[in-house]
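To start, the structure under review is shown below, and the notes come after it.
Residue numbers (the numbering used here): 115 to 709.
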């Protein structure tokens, strides 16, 4: 037996009790379906499809098109329960009229987590497959987001990521104030950060001359119902196997999307061709002809790397066009340290759900960076792995092969000696190391708001955009410097900073004596140091602190090397010299940054 304010609510309770009974069981669902309301509810229940739970605080007018589509038989779904934090919310009456369970949960005296646990318990009682937030005037807890990850969706009245965090008329007024030519609504995954979840569906409409906030609200509200229907149709399509058996697409892997991506990126990849390139992308492997590249007696040099948690920033900001250069730079800058010319590159892109346009932006960024350093993008791998990654997340890896003639491999340890001069080339910013600390400081100082204005450079846009400044490519300038024959070693300043990377290219008996006062600590690093009260030594071993590459030079020809770098667009600074280590530290800081 079940009790409830509605037939649907009582039925759900009764079914929950029945599910606990063991042994042989014949369940009669045809008993007790009397009257038009019961018939309407049973009609919805006959549809085999997605079971929906709804959280709402307002009229819920965007929910009505879903009910209408279900009744018309065009949507394989049922709305099992509607929950509100307002006892008089019209969305509850709408639910009762349509035959869904309707429940008011009071928020009085409860923490956000306590309230959301109660809502989750009721949603699970009704065995819902997904949760829709429709006019829900509460911010759900991180615990709720985690529990319903990949199954909870919100409809937002702008074209996210534009005007995120705004609601109702405030959002529409922001569209007008920004002079946007179009607006619309967005259905997105719900994440702990407000309005930051991956976009699933967007519907658009033009902003007409004379529109005010109320007019835009009316236009956008008319789009929300169709957008939610499109979402549910997508969920049904993804969840139900096609006739004749299960499919890879139903399991969450879209082969056709992968094929579309390959076609999209072919022109960008083709543009990276260089002497030695053979064939194109799409085969089982990439080919390269060393002889055609001009090498006589080459040593091959390989490297691999990723981008780290800088990816989290790109995904939070929704900017994916520059992260590809980070990937390429982190690999090819390591090759040039060996004196090698990068020849070809392959990438690895992994995600839970392939968003073709997003992946295209990433790969085109990779291709553009490869072209900039005369490195062919000969192939890669796109892996779509449902449940491996959270919605909206992806990971990147890169692999490159370079070549250097025998006898020209760097570092030339036998030539490095006391008195050699250290030349430093400036970085473009934080590059791709230390982002776990960066994200921690942005969380603590700015509440994790990556869309807030950049505090150290008013012209840099948001702080998220500033931290997405891509890693500098040092290949062209450093190869020219190496070919002067006066460079004895190079050190790419990545994770571990100066203190850990310089010793990797020095003999054990030699130490680097560094004077940091020769340049000013760049503003981005000044902000990080101040935001976290980070000590100078910790800064130096966590970040590049403004120096992305260090060259160990013959002191008699250091001016020639510096002039070569300058001609290639890379001015340098004299960081210090080498001297006997004498059982001391491998890197000795003699003076710190100028004030």
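Where is the CB? At the ideal position from N, CA and C, for every residue including glycine. Please read these numbers as outputs of a predicted model, since none were measured by experiment.
Can you give me the Cβ contacts of residue i inside the same chain, cut-off strictly under 7 Å, excluding the 5 residues immediately before and after it?
i           : result
residue 333 : 319
residue 523 : 413, 452 and 453
residue 611 : 654, 655, 656, 657, 658 and 659
residue 338 : 176, 269 and 299
residue 214 : 122, 193, 194, 195 and 196
residue 648 : 642
residue 606 : 447, 448, 451, 615 and 663
residue 593 : 450 and 455
residue 246 : 166, 168, 267 and 342
residue 637 : 570 and 571
Which residues in the same chain as residue i place their Cβ atom closer than 8 Å to its Cβ, once the five residues preceding and following it in sequence are excluded?
i           : result
residue 426 : 549 and 553
residue 639 : 544, 653, 657, 659 and 660
residue 622 : 695
residue 631 : 705, 706, 707 and 708
residue 375 : 468, 470, 473, 474, 477 and 496
residue 418 : 445, 511, 512, 513 and 514
residue 578 : 427, 430, 431, 433, 564 and 565
residue 460 : 400, 491, 492, 493, 494, 495, 512, 513 and 514
residue 531 : 624 and 692
residue 697 : none
residue 232 : 219 and 224
residue 179 : 339, 340, 342 and 343
residue 409 : 517 and 519
residue 385 : 481 and 485
So residue i and residue j are supposed to be a Cβ contact under 8 Å. How far apart are they, rounded?
i           : j           : result
residue 466 : residue 507 : 7 Å
residue 468 : residue 403 : No, residue 468 and residue 403 are not in contact; Cβ-Cβ is about 32 Å, not under 8 Å.
residue 321 : residue 305 : Not quite, the Cβ-Cβ distance comes to about 28 Å (not below 8 Å), so this is no contact.
residue 447 : residue 588 : 5 Å
residue 505 : residue 311 : 6 Å
residue 309 : residue 279 : 6 Å
residue 388 : residue 488 : 5 Å
residue 230 : residue 207 : Their Cβ separation, rounded to whole angstroms, is 24 Å, which puts residue 230 and residue 207 out of contact at 8 Å.
residue 617 : residue 701 : 7 Å
residue 349 : residue 164 : 5 Å
residue 255 : residue 227 : 5 Å
residue 315 : residue 345 : 5 Å
What does residue i pair with, by DSSP beta-bridge criteria?
i           : result
residue 300 : 270 and 316
residue 412 : 519
residue 536 : 666 and 690
residue 606 : 663
residue 392 : 401
residue 563 : Per DSSP, none; premise fails for residue 563.
residue 505 : Residue 505 pairs with nothing; no bridge assigned.
residue 89  : Nothing about residue 89 can be read from this structure; the chain reaches only from 115 to 709.
residue 195 : 167 and 215
residue 657 : BP columns for residue 657 are empty, so no partner.
For residue i versus residue j, is the C-beta spacing smaller than 8 Å?
i           : j           : result
residue 313 : residue 176 : no
residue 684 : residue 655 : no
residue 583 : residue 565 : no
residue 395 : residue 518 : no
residue 458 : residue 490 : yes
residue 586 : residue 542 : yes
residue 170 : residue 249 : yes
residue 547 : residue 609 : yes
residue 689 : residue 527 : no
residue 173 : residue 204 : yes
residue 274 : residue 302 : yes
residue 464 : residue 503 : yes
Excluding the 5 residues flanking residue i on each side, which residues of the same chain have their C-beta closer than 6 Å to its C-beta?
i           : result
residue 416 : 515
residue 357 : With a pLDDT of 45 at residue 357, under the threshold of 50, the modelled position of this residue cannot be trusted, and the question is left open.
residue 679 : 591, 595 and 686
residue 646 : 555
residue 525 : 603 and 619
residue 378 : 474
residue 284 : none
residue 383 : 395, 481 and 491
residue 699 : none
Cβ of residue i versus every heavy atom of the ligand MN: is any distance shorter than 7 Å?
i           : result
residue 649 : No copy of the ligand MN appears in this structure; indeed no ligand is present at all.
Residue i CB to nearest chain C CB: under 8 Å?
i           : result
residue 184 : Of the chains in the structure shown, none is chain C; there is only one protein chain.
### Task
Check whether the region 287-295 touches the region 217-236, counting contact only when three or more Cβ pairs, one atom from each stretch, lie closer than 8 Å.
no
### Message
If contact is defined by three or more beta carbon pairs under 8 Å, each pair taking one atom from either stretch, is the region 434-446 in contact with the region 472-485?
### Response
yes
### Query
Taking contact to mean at least 3 C-beta pairs separated by less than 8 Å, is the region 682-693 in contact with the region 620-628?
yes
### Message
Does the region 595-609 come into contact with the region 665-680, if we say contact requires no fewer than three beta-carbon pairs (one atom in each stretch) closer than 8 Å?
### Response
yes
### Query
Counting Cβ pairs closer than 8 Å, one from the region 240-249 and one from the region 190-198, do we hit at least three?
yes
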